[in-house]
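**Student:** Counting with our numbering, you get residues 899 to 1234 for the letters of the sequence shown. Every residue gets a Cβ at the ideal spot worked out from N, C-alpha and C, and that includes glycine.
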Amino acid sequence: MYQLSFVFQGKVFFDNECREVLKNIKRVRTLYPLSEIILSTWSVDVEKEKYLTSQLKNFDVKVIFSEDPGALIYRDEKYKWVSNINRMLISSKKGIDATSRDYVVKLRTDSYFINHNLKSLFLNREVINKRYNREKACSLFTERVINCNLFARHSRSYRPFDFHPGDIMLLGRREDVLQFFDAPILDESIFEVIFNGAIFSLMHFVPEQHLWVNYIKSKIPNFNYRGNKTRSKEITLLSEKYYINNFIPFSCDQLGFVWPKYIDKYRSKGEGSIYQFTDWLELNKLFYNNKIKKNEIYNKYYKSKVLIHKLVYFSFYLPLRWAKIRRIIMDLKSRE
899 MYQLSFVFQG
909 KVFFDNECRE
919 VLKNIKRVRT
929 LYPLSEIILS
939 TWSVDVEKEK
949 YLTSQLKNFD
959 VKVIFSEDPG
969 ALIYRDEKYK
979 WVSNINRMLI
989 SSKKGIDATS
999 RDYVVKLRTD
1009 SYFINHNLKS
1019 LFLNREVINK
1029 RYNREKACSL
1039 FTERVINCNL
1049 FARHSRSYRP
1059 FDFHPGDIML
1069 LGRREDVLQF
1079 FDAPILDESI
1089 FEVIFNGAIF
1099 SLMHFVPEQH
1109 LWVNYIKSKI
1119 PNFNYRGNKT
1129 RSKEITLLSE
1139 KYYINNFIPF
1149 SCDQLGFVWP
1159 KYIDKYRSKG
1169 EGSIYQFTDW
1179 LELNKLFYNN
1189 KIKKNEIYNK
1199 YYKSKVLIHK
1209 LVYFSFYLPL
1219 RWAKIRRIIM
1229 DLKSRE
C-alpha cells in the first residue's frame, strides 16, 4: 500500500545483532512491499550504526537517530521507578516527521504484523465512519485513527483512567498522528503518588494521557483536565465522547498485530479494562441514539463484575498508601 508509512519507534539493540528488530521490519516489508518504512531510534556508537544501516539496506528503510534524552526516574529514598516517556516522545515525533505518505502507522520496534488485517480495516474504514457520524464539537482529528486497544483504558472498567487511548499502535492521517505525538518533553514534576478508588499511579498523567490531553488542549485551549486525582461522571462522559469521535479500537487479533511483550511480561493482563470494538459501538449508541437510556448501555452482570474487580484492585493498592511498603515492592520489582 503506497499511501502508508510505517514508523518503527524505540530500542534497536535488544541483542548485539538486533535480530528481533530486523525480523520485525522484514515481516512488515514482506506484507507491504510498496509502503515507506522508517526506523526511529536513539544514537548508538559508530560501529553499531554502521552495522544497523548495512543490515537494513536491502529492506529500503530510512533510519533516524536522535539524541537519547534518557529516562525519567521517580525516586523514593534509595528506590526508583523508571519511565521512558521522553524517549518515546522524541523518537515517535522524529520518525513521523520523516514520513512522506498520507497515512502513518506508528508501532514499536518490538512488535509486528502477521497478515493483511490492517490493510482490510484501513480500506474499509469509511464504511464504519459513514455508519457512525462524528460529533463536530468532539472531532479533533481530520479522520478517526485506528487504535490498537493496548492500552486504551475503558473509563467504566475496573481500571477507570480517563483520556487514555492506546499508544502501542496507531494508524491515521500523517498530520493527525504527528500532532498527537507533539507533546511537551517532561521532567520529574510529572511524578505524583495518586490513589483514587481503583486507580493507583505514580504520575498525574501517564504517558498515553499526556499525549491525548495535550493534543486536546492544542485544539481546545480552555480544556481543563487535571489528571488522575480528578474523577467525576461528567469527566468520564467527556472522555468517552472524545475517544469514540477520534479513535476506533481494534484488538491485536483484529489487526493481525503482535506485541510479544504483552504476552511475555504482562501475561495478557487487563483485557477487561480496555476498549473493545463492541464497546465503541455501544458508546456510539449511548451518545447518539436517543432511544437508549444512559443507564442501559451495560447490564447488571458487567457492572457487578467491574465492582468486584474495583474492590480487588482497591484492596491490592491499599497497602501502597504507606511509603515503606511501596519501597519494598519497588525494591522487589527492581530485582526482576
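Would you grab the beta carbon distance between N922 and Y1010 for me? Rounded to a whole angstrom, and I think it's under 8 angstroms.
**Tutor:** 4 angstroms
**Student:** Suppose the cutoff is 6 angstroms on Cβ atoms and the five residues either side in sequence are ignored; what does the same chain contact list for V919 look like?
**Tutor:** V910, T1007
**Student:** Return the Cβ separation of C1046 and C1150 in integer angstroms, given the expectation that the two are a contact with Cβ distance under 8 angstroms.
**Tutor:** 7 angstroms between Cβ atoms; contact.
**Student:** When the Cα of N984 is compared with those of P967, K991, G993, which residue comes out closest?
**Tutor:** P967
**Student:** Quick one: grab the DSSP three-state call for L1016.
**Tutor:** L1016 falls in the helix class under three-state DSSP.
**Student:** Could you name each continuous alpha helix (DSSP H) segment of 4 residues or more that falls completely within the segment 985-1017, going from the start of the chain to the end?
**Tutor:** none
**Student:** Taking 8 angstroms as the threshold (beta carbon to beta carbon), is P967 in contact with chain C?
**Tutor:** Absence of chain C from the displayed structure is noted, only one protein chain being present.
**Student:** Please list, in chain order, all residues of the same chain as K978 whose beta carbon is under 6 angstroms from its beta carbon, the five residues on each side excluded.
**Tutor:** These residues qualify, in order along the chain: I971.
**Student:** Apply the 10 Å Cβ neighbour rule to E1169 and answer buried if 16 or more other Cβ atoms are within range, or exposed otherwise.
**Tutor:** Sixteen is the threshold: since fewer than 16 other Cβ atoms of the shown chains lie within 10 Å of the Cβ of E1169, the residue is exposed.
**Student:** Quick one: complete alpha helix (DSSP H) runs, 4+ long, within the segment 1084-1160?
**Tutor:** 1105-1117, 1131-1144, 1150-1153
**Student:** Buried or exposed: which applies to Y1001, given that a residue is buried once 16 or more other Cβ atoms fall within 10 Å of its Cβ?
**Tutor:** buried
**Student:** Can you name the residues that DSSP bridges to D1080?
**Tutor:** Answer is none; D1080 lacks a bridge partner.
**Student:** Please confirm whether H1052 and S1171 have their CB atoms less than 8 angstroms apart.
**Tutor:** yes
**Student:** Applying the 10 Å Cβ sphere with the 16-neighbour rule, what's the burial state of G855?
**Tutor:** Summary: the structure shown does not reach residue 855, with the chain confined to residues 899 through 1234, and so no result is reported for it.
**Student:** Which stretch, first to last residue, makes up the beta strand (DSSP E) that contains I936?
**Tutor:** Per DSSP, I936 is one residue of the beta strand (DSSP E) stretching across 934-940.
**Student:** Just tell me which of D913, I1092, F1079 has its CA closest to the CA of L1005.
**Tutor:** In terms of Cα proximity to L1005, the closest of D913, I1092, F1079 is F1079.
**Student:** Per DSSP, what kind of secondary structure is K1163 in: helix, strand or coil?
**Tutor:** coil
**Student:** Considering just the uninterrupted stretch of the beta strand (DSSP E) at Y851, what are its terminal residues?
**Tutor:** Residue 851 lies beyond the residue range present for the chain, which begins at 899 and ends at 1234; the question has no answer from this structure.
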